[in-house]
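Engineer: The sequence shown begins at 0 in numbering that gives the first Met the number 0 and counts up one residue at a time. Just so it is clear, CB atoms sit at the ideal spot from N, CA and C, and this is done for glycine as well. What you are looking at is a predicted structure, and each value in this text was computed from that prediction instead of being measured. Shown below is the structure under consideration.
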Amino acid sequence: MVTVPASELQKNFGEWHDRSYEGPVEITRYGRTTAFLVSAPLFEAMWSSYRRAISASALSVGDIDLILRSEVETDRPYNLDDIPDEDTTSRSPSTSDR
């Protein structure tokens, strides 16, 4: 990925606009990434694959039924008991936690 300071992008916007069709352009300000310039086709592809979360109460009865009937297709054994319910790592409180 190409990186450009915001000041350079401002001076030569046309060049960087054209380069965004080759791939995303990372824009920095004071050495830190602040934005990306991407082509319209890439943005539209990314946006169309973006998944939004919805609350369970917004699901239809059909959606809930599909979820309840769903199965994990794998040839490997799995056990949901292996997944911890909460963060079980022990840590001592730091001074910032007090």
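With 16 other CB atoms within 10 Å as the buried threshold, where does I63 fall?
Structural biologist: It is exposed - the Cβ of I63 has fewer than 16 other Cβ atoms within 10 Å.
Engineer: Do you know how far the Cα of V37 is from the Cα of A44?
Structural biologist: The alpha-carbon atoms of A44 and V37 are separated by roughly 11 Å.
Engineer: So, is I53 buried or exposed, given that buried needs 16 or more other C-beta atoms within 10 angstroms?
Structural biologist: Label assigned to I53: exposed.
Engineer: With DSSP run on the structure shown, which of helix, strand or coil describes R18?
Structural biologist: DSSP places R18 in helix when its eight states are reduced to three.
Engineer: Under three-state DSSP, which class holds P4?
Structural biologist: In the structure shown, P4 sits in a strand (DSSP, three-state: E or B).
Engineer: Take D80 and list the residues in its own chain whose beta-carbon comes closer than 8 Å to its own, dropping the five residues that flank it on each side.
Structural biologist: Within the same chain, D80 has no close Cβ partners at all.
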